[in-house]
Each structure stands twice: as C-alpha cells, then as structure tokens.
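Some notes on the structure that comes next.
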Amino acid sequence: MPTVILMDTSLSMSRPVASDTGDNSTTRFNVATAAVNSFLDYLSIHAKLEHVALVSFSSTYEVAVSFTREFDTIRAKLPLLEEGDKTCLETALLGVNQLVLNEWGYGYQTPVQIILITDGSCGVGSIGRMRIMQALPLPPSYPARIHILLIVSPHDPCLQQAMPIYQKIVDLACTTPNNPTGNITRGAIYCPDQLTIPGVVAAVNRLCEQQYQEYWCSLKCGQLEARVQLFPAPQPAAHDGLVTAYTLAPQMHVVGFLHQSEMGTSIAISKHLVIPQAQPGNNNANRENYGSKTPTKEGSSTDGSTNEEDTSDPSNVPNFCVLLHGAMKVEGMAAIVLLGTDWWGTLAAWCEASRARRSCLLLSVLRPGHSAAPWLGPLDQLGPPDENNASAELFPIRSWRSYSGGGSGCAWARPHALLADVQKVLRHARKLPDKTQHLYKELNRLRRVAISLGFSELLTCVGSALERECTTLPSSAPPECALQLAHAAAALRDPRTALDIKHTLQPLATNFTVTSMSH
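Residue numbering for the sequence shown follows this note's numbering, starting at 20 and increasing by one per position.
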C-alpha cells in the first residue's frame with residue numbers, strides 16, 4: 020500500500036517551539052522533520068517494501084520525491100524543502116490525487132495511505148474553515164486512508180478550531196464510491212502529548228504500530244507448513260449484502276489446485292506478496308536481501324547486483340514456499356487457498372522475467388463468499404474429477420458462461436469497447452417495443468460478462484440509464500415501453516439474482532388487448 024507524506028511548509032511551520040531550557044532555535048518544521056525520519060526508520064525495519072513519496076505544500080504543492088523505496092532520498096530532501104506562505108489543504112490534496120493517478124496507472128484499484136503533517140492551524144476564520152470543508156477534493160477516485168499528524172500542543176486553541184476540518188478529511192477519505200468493498204478502514208488523527216521532538220516521535224510510533232504492523236501467518240498444504248509474511252498487511256473486508264466484515268485467519272490452507280487458464284481473471288479486493296520467514300542463523304541477511312531484490316511496480320529489480328550466485332537468496336534455501344512456487348510455475352497451476360470462514364482466495368506464482376531464480380508468491384484475496392469466481396460455480400463444491408467416468412467433464416466450465424464471454428481474455432480491454440456495449444443496449448431501449456427481444460439479449464450478454472469480471476457496479480449504472488430513458492419517452496410511446504424499461508432496470512438490481520451468472524433476464528409479459536363492452 021503506497022504512502023504519501025504530505026508535509027506542510029507554510030510560514031506557521033517556522034514558529035519556534037518553546038522549551039524549558041529557553042532554546043528557541045527548534046521550529047515546528049524541525050520537529051516534523053524528526054517525525055518523518057522516525058517514520059522512515061520504522062519502515063526500514065518493518066516495511067521496507069513500502070513505496071513512499073514526499074509532497075510539500077503551502078498555497079501550492081510540490082512533489083519533492085516521487086514514489087520510491089530508497090528512503091535515504093527522502094531524508095536528504097527534507098532539509099531542502101523551501102518555505103512557503105499560507106496553508107492550503109485543498110490544494111495539497113489535489114496534488115496528492117494527481118500524483119497517485121499519474122504514478123499508479125490511474126490508481127483506481129491501488130489503496131494509498133496519506134500522512135498529512137501540519138501544525139494544526141488553518142490560518143482562517145470560521146467562514147474560511149467552512150469554505151475549506153466544502154472545497155475538499157474528497158473522496159478521491161482511488162481507495163485511500165488519511166492519517167493526520169499534528170505538530171501542535173494539545174491545548175492550543177487553534178487546534179480546537181481546526182479539528183472539525185481534520186475530522187472531515189479523515190472521514191471523507193475512505194467513503195464510497197472509492198471503497199466499495201470496505202477493505203480500507205478509516206484513518207486517524209495523531210496529536211502529541213507535548214510539543215517536543217520526543218512527544219511527536221511517540222505519536223509517530225503510535226501511528227506506525229497501528230497502521231504499518233507486519234502481518235504474519237502460516238501457509239499450510241497437507242503436512243507441509245511455513246511461516247510467512249503478507250505484504251501489505253491485509254485489511255478487514257466487507258461486501259454488499261454481508262452484515263459483518265471478514266478478516267484473514269492466522270492459518271491459510273491450500274485446499275486444491277487449478278490451471279491458471281481455468282482460474283480466469285476473477286476480481287481481487289487486495290493482493291499481497293507472500294514472503295517466507297527468514298531461516299535461523301541468516302535472519303538479517305535473508306530479509307534484507309529479499310527486500311532489496313523484490314520487483315518494483317514497474318516490474319524491474321531495485322538492486323544492481325551481478326549474476327553471481329547469492330547464498331543468502333531465500334529461493335536457494337529449502338522452504339515450503341519455494342517448493343510451492345516451483346511446482347506451480349512448472350505446471351502452470353494456481354492454488355485455491357482457504358483464508359477463513361466463507362472467504363476464499365487464489366494463490367498464484369509470480370516470477371521476475373529477467374531473473375528466473377528470483378521468485379515469490381502472490382496472494383489475491385477474492386470477494387467474501389463462494390461465488391467470487393462465478394464461472395467456476397460455488398467454490399465450496401469444487402472437487403477432484405471422477406476418473407472412472409471418461410465422459411465426465413474435467414472441469415465445470417461451459418462456454419456460455421466462460422469468464423471471457425466467449426471472446427478474448429478481457430471483454431473491455433479498452434474504454435470504447437465498454438461504451439459501445441452500453442450504447443447498444445440503449446439503442447435497443449429507444450426502439451421498444453419492436454426491439455424487446457434484442458434488448459434483453461444484449462442485457463443478458465452484458466450482465467454475464469460484468470458478473471464474471473466482478474464489475475457488478477456496471478449493472479447498477481445500466482439500470483439507472485434505463486430508468487432515465489423511461490422518463491424521456493414521448494407521450495405517443497406505447498405503455499409497454501415504460502413497463503419493459505422499468506422491469507429491466509429492476510431485474511438488473513434484484514438482490515436475489517444480482518450475482519447469479521446462470522440467471523437469465525426475461526421480458527415482461529404484457530397484454531394490452533382492449534375488448535369493447537356491449538351496453
């Protein structure tokens with residue numbers, strides 16, 4: 020989960036910090052710098068695979084350091100940040116949004132943590148604070164969680180006045196629609212007990228312990244078991260129609276294997292590297308070596324090592340994860356992993372192309388429930404094929420409900436392809452009742468592909484579009500047109516069949532025959 024450090028460099032950050040010794044040379048910016056260095060020290064030990072960016076802001080913003088795992092680059096840049104004028108929170112958040120969207124492929128599926136470091140003063144009155152809250156560019160278009168680290172005394176009157184703004188920022192950051200699966204929890208506000216470097220560092224430590232803890236669990240397959248770390252740490256997940264949120268169990272069980280072609284492209288609510296625990300005796304060497312050579316988001320290695328054999332390479336040390344990766348890579352398989360009650364995920368091998376010996380596992384966590392991959396059928400009913408029945412299907416996939424829709428691997432690889440399908444539905448809707456059968460044929464095709472790809476939100480949008488078409492019907496339109504449009508919109512949203520890929524939408528049976536009555 021990438022992290023953006025958003026550093027306030029306004030004039031108010033240059034105010035000195037009072038001390039018992041009478042030394043006023045320490046400013047709030049110096050305290051904030053110490054806090055960032057302490058945060059980077061923690062990541063260097065517990066989350067060295069984290070991508071971190073540094074953005075400074077006052078009335079404008081500047082990307083001081085783009086996303087990197089070289090934390091020393093950020094440390095070197097901190098003293099060079101230029102002093103600005105006034106604090107402008109909405110401009111700062113707009114800058115972060117632009118950075119994330121540019122760096123992470125328009126980042127709509129990339130969860131991001133933002134650490135806003137400011138002195139607790141907005142520099143405006145009550146009317147100005149109200150305008151700031153109305154102008155906040157939140158929620159962003161990507162899953163996000165914002166934490167606010169305040170470089171201010173808890174008894175400062177300015178803090179009490181600005182606290183509603185900070186609370187609003189924290190609350191809006193993780194709201195829908197950017198967090199439909201509920202797997203991004205709310206951020207927090209961290210205020211030091213006293214305005215000193217030790218006090219602010221203690222607040223940073225609380226932030227790190229709550230938001231950047233390592234996640235360790237066991238990966239088990241039969242009698243084989245390994246202690247592994249999941250990075251980034253998984254978050255509790257919820258889903259539409261489910262009352263409770265789900266968390267990963269402390270032990271993951273491999274319960275079966277499928278060919279990766281059969282597994283398809285099921286939607287994942289989060290993805291995690293599966294890192295085996297370092298072997299005794301080489302703990303530091305293994306861990307540092309593994310982290311330094313883990314591929315970056317561009318797919319390239321972050322180290323400059325040669326082709327000489329590395330004895331501290333975890334892939335050269337006997338380990339169940341290495342065995343599992345090698346077996347799945349050779350056979351082109353994916354493992355089905357039970358993560359907890361009613362929560363399933365896929366475990367697939369991943370290897371850097373330029374260094375075949377360097378490998379790691381990637382855990383893709385699916386949506387809670389047994390229908391996360393609809394083309395496979397209920398996941399809890401998967402089992403081995405009947406070897407005694409030669410005519411039996413080897414796997415429960417049928418062409419009419421293939422995840423690819425019977426075509427290429429992704430039906431909507433480009434935006435115009437999706438737009439063309441939706442426009443086709445609307446063209447049929449505008450030609451009712453003559454095109455009733457064509458309308459429902461296209462709706463069923465669109466629906467099957469959307470469910471297979473985990474794009475259920477599309478169906479809600481199409482239903483809204485059909486309702487809008489219903490309101491724009493001319494007065495001369497037959498009554499059947501409005502009834503069919505309303506029926507189709509309701510059928511797309513019916514919770515009983517919303518994710519049932521086998522269900523087929525049927526036109527509404529209408530009969531408008533008028534019989535004359537004799538008097």
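Even for Gly, the Cβ is constructed at its ideal location relative to N, Cα and C.
Please report whether the beta-carbon of residue i lies at a distance below 7 Å from any beta-carbon of chain B.
i      : result
Pro176 : Of the chains in the structure shown, none is chain B; there is only one protein chain.
Residue i and residue j look like a contact to me (Cβ under 8 Å); what is the Cβ gap, rounded to whole Å?
i      : j      : result
Phe86  : Ala111 : Actually they are not in contact, since the Cβ atoms of Phe86 and Ala111 sit about 17 Å apart, beyond 8 Å.
Val119 : Tyr61  : Actually they are not in contact, since the Cβ atoms of Val119 and Tyr61 sit about 22 Å apart, beyond 8 Å.
Arg150 : Cys141 : So it is not a contact: roughly 10 Å between Cβ atoms.
Val274 : Ile355 : 5 Å
Cys227 : Pro173 : Contact doesn't hold; Cβ gap of about 20 Å is too wide.
Distance check for residue j and residue i, CA to CA, integer angstroms please.
i      : j      : result
Asp399 : His65  : 36 Å
Asn305 : Val36  : Any reading at Asn305 must be qualified, since the residue scores a pLDDT of 40, below 50, and its modelled position is unreliable; the value itself is stated next. Rounded to whole angstroms, Asn305 to Val36 spans 43 Å at the Cα level.
Leu157 : Glu244 : 44 Å
Leu472 : Ala391 : 10 Å
Val115 : Val481 : 32 Å
Leu478 : Val384 : 23 Å
Pro159 : Val131 : 10 Å
Gly139 : Leu342 : 52 Å
Leu33  : Ala192 : Here residue 33 turns out to be Ser, not Leu, going by the sequence shown. Approximately 28 Å, taken between the alpha carbons.
Leu168 : Ala436 : 44 Å
Ala528 : Ala207 : 54 Å
Gln456 : Pro526 : 7 Å
Met10  : Asn121 : This structure does not reach residue 10, given that the chain is present from 20 up to 538, and the question cannot be answered.
Leu68  : Ile133 : 17 Å
Leu25  : Ser280 : 42 Å
Val189 : Leu357 : 33 Å
Trp123 : His70  : 11 Å
With a CB to CB cut of under 6 Å and the five nearest residues on each side skipped, what residues in its chain are close to residue i?
i      : result
Gly103 : Thr28, Ser29, Ser77
With residue i as the anchor, note down where its beta strand (DSSP E) starts and where it stops.
i      : result
Val80  : Residue identity check: residue 80 is Tyr in the sequence provided, not Val. Where Tyr80 is concerned, the enclosing beta strand (DSSP E) stretches over 80–87.
Val74  : 71–76
Val356 : 352–359
Leu135 : 131–137
Leu243 : 243–250
Leu25  : 22–27
Would DSSP call residue i helix, strand or coil?
i      : result
Cys379 : strand
Phe276 : strand
Cys480 : helix
His166 : strand
Leu157 : coil
Gln578 : Lying outside 20 to 538, the shown extent of the chain, residue 578 is not represented and no answer is given.
Thr52  : helix
Leu108 : helix
Ala436 : helix
Gln213 : coil
Leu30  : helix
Leu118 : helix
What are the start and end residues of the alpha helix (DSSP H) that includes residue i?
i      : result
Val171 : Run containing Val171: none; DSSP gives neither H nor E here.
Glu102 : From DSSP, Glu102 is part of no alpha helix (DSSP H); its letter is neither H nor E.
Ser237 : Not the alpha helix (DSSP H): Ser237 falls in the beta strand (DSSP E), residues 234–240.
Ile288 : Here Ile288 belongs to no alpha helix (DSSP H); instead the beta strand (DSSP E) covers 287–295.
Cys500 : 498–512
Lys460 : 455–471
Gln254 : Looking at the DSSP string, Gln254 is not in any alpha helix (DSSP H), and its letter there is neither H nor E.
Lys96  : 90–96
Ala221 : 216–230
Only counting the same chain, and skipping five residues up and downstream in sequence, which positions put a Cβ closer than 8 Å to that of residue i?
i      : result
Leu524 : Tyr459, Leu462, Asn463, Arg466, Ala507, Ala510, Leu511
Thr46  : Met32, Ser33, Arg34, Pro35, Val36
Ser63  : Phe90
Gly351 : His278, Gln279, Ser280
In chain order, what residues of the same chain lie with their CB nearer than 7 Å to the CB of residue i, ignoring the 5 residues before and after it?
i      : result
Arg246 : Trp235, Ser237, Gln296
Pro497 : Pro452
Gln117 : none
Leu6   : Because the chain spans 20 through 538 in this model, residue 6 falls outside it and cannot be assessed.
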